Amino acid sequence: MIDDEVFARISKRYDLVRALISFGRDNSCKRKAVASLPPGRRLLDLGTGTGGMLSAVGRGSFVLRVGVDREIRMLLESRSLNRNASYVLADVTQLPFRSAVFDAVTAAYLLRYVDHYRVADQAMSLLKPSGTIVLYDLEAPTGRLPKMLCRFYLVVMTTLYGLLFHGSATAYWHLWQTFGGAAADDVVATLRRVGWSDVARDRGIGGVIWWVVARLAARA
Ligand SMILES: C[S@@+](CC[C@H](N)C(=O)[O-])C[C@H]1O[C@@H](n2cnc3c(N)ncnc32)[C@H](O)[C@@H]1O
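Heads up: the sequence shown is residues 391 to 610, going by the working numbering.
Dropping the structure here:
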């Protein structure tokens with residue numbers, strides 16, 4: 391488990407490093423991932439951090455966008471960018487919401503910290519019938535050489551940005567240490583097994599970023 395202090399420390403530079411590491415493409419991938427979300431009243435973003443998913447969704451499609459995170463400084467960063475969103479400081483495994491109140495649940499780069507089965511289970515109880523989930527993360531490319539190159543790139547870049555922005559080589563190491571913590575195939579298989587419908591997967595940035603969109607089957 392990652393110490394919350396890790397995110398408190400990097401909160402101010404998190405978005406810059408996220409953009410640098412992804413060649414500026416993380417935001418556009420996030421926009422693609424949420425593009426198929428049907429408009430609704432309430433959206434919940436789990437592990438919202440600095441609010442990348444809330445920004446990708448934008449103000450138009452939901453009356454209420456709620457970001458949940460357990461690290462206050464990440465939420466404060468998000469609030470400075472997404473003033474019209476609402477925020478809840480909480481652990482995603484112990485959420486203070488009634489069941490079946492949200493039209494959509496999203497989570498980006500969270501499944502490396504919280505088991506995907508648990509996140510899907512939470513979303514199932516929080517979503518209204520036919521609500522949509524969007525899960526978004528990174529995984530290592532297939533093949534030994536691409537895997538090694540990808541890991542090498544992450545180790546070098548996170549070390550460089552850690553030294554540059556925080557005077558500490560290890561400030562961003564959790565990004566590569568947790569790399570590949572969630573694989574798209576496993577997430578798709580779990581969602582299908584526990585009864586989600588219309589499970590679809592897509593990829594960006596050479597297949598390293600993936601997202602899965604699924605709909606909660608209407609309750610009988
Ligand atoms: C890598 S950041 C991702 C932030 C954002 N979703 C994005 O796409 O850039 C992971 C975030 O998840 C939060 N987090 C990790 N475990 C959590 C938990 N159990 N409950 C709430 N937030 C959690 C961290 O505090 C951090 O802000």
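All C-beta atoms, glycine included, are put in the ideal place defined by N, C-alpha and C. Because the structure is a prediction, the values reported are computed rather than measured.
> Quick one, are the C-beta atoms of S476 and V456 less than 8 Å apart?
Replying inline: It is a contact, given that the beta carbons lie within the stated cut-off.
> Hey, is the stretch 482 to 493 in contact with the stretch 562 to 575, meaning 3+ C-beta pairs nearer than 8 Å?
Replying inline: The stretch 482 to 493, when compared against the stretch 562 to 575, does not touch it at the 8 Å Cβ threshold.
>> At 3 residues or longer, what runs of the beta strand (DSSP E) sit wholly inside the stretch 392 to 450?
In response: 430 to 436
> Going by DSSP, what residues sit across from L479 in a beta bridge?
Replying inline: Answer by DSSP bridge pairing, in chain order: D459.
> Regarding L553 and ligand 1, is the C-beta to nearest heavy atom distance less than 7 Å?
Replying inline: no
> Can you tell which of V482, Y499, P519 and A498 has its C-alpha closest to the C-alpha of R508?
Replying inline: Nearest Cα to R508 within the set V482, Y499, P519 and A498: V482.
> Thinking just about the alpha-carbon of each residue, which of G414, D405, V578 and V478 is nearest to the one in E467?
Replying inline: Cα-wise, what sits closest to E467 is D405.
>> At 4 residues or longer, what runs of the alpha helix (DSSP H) sit wholly inside the stretch 546 to 596?
In response: If we require 4 residues or more, the alpha helix (DSSP H) runs fully inside the stretch 546 to 596 come out as 563 to 567 and 574 to 583.
> If you run the structure through DSSP and keep just helix, strand and coil, what is D527?
Replying inline: strand
>> Any heavy atom of ligand 1 closer than 7 Å to the beta-carbon of V344?
In response: In this structure the chain extends from 391 to 610, so residue 344 is not present and cannot be described.
>> So, at 8 Å on beta carbons, what are the nonlocal neighbours of R541 in its own chain, with the 5 sequence-adjacent residues on each side left out?
In response: A530, W566 and F569
> Counting pairs of beta carbons, one from the stretch 537 to 553 and one from the stretch 497 to 516, are three or more of them closer than 8 Å?
Replying inline: no
> Which value, in whole angstroms, describes the spacing of the CA atoms of S470 and G439?
Replying inline: Computed Cα separation, rounded: 12 Å.
>> Could you check whether the Cβ of D576 sits closer than 7 Å to any heavy atom belonging to ligand 1?
In response: no
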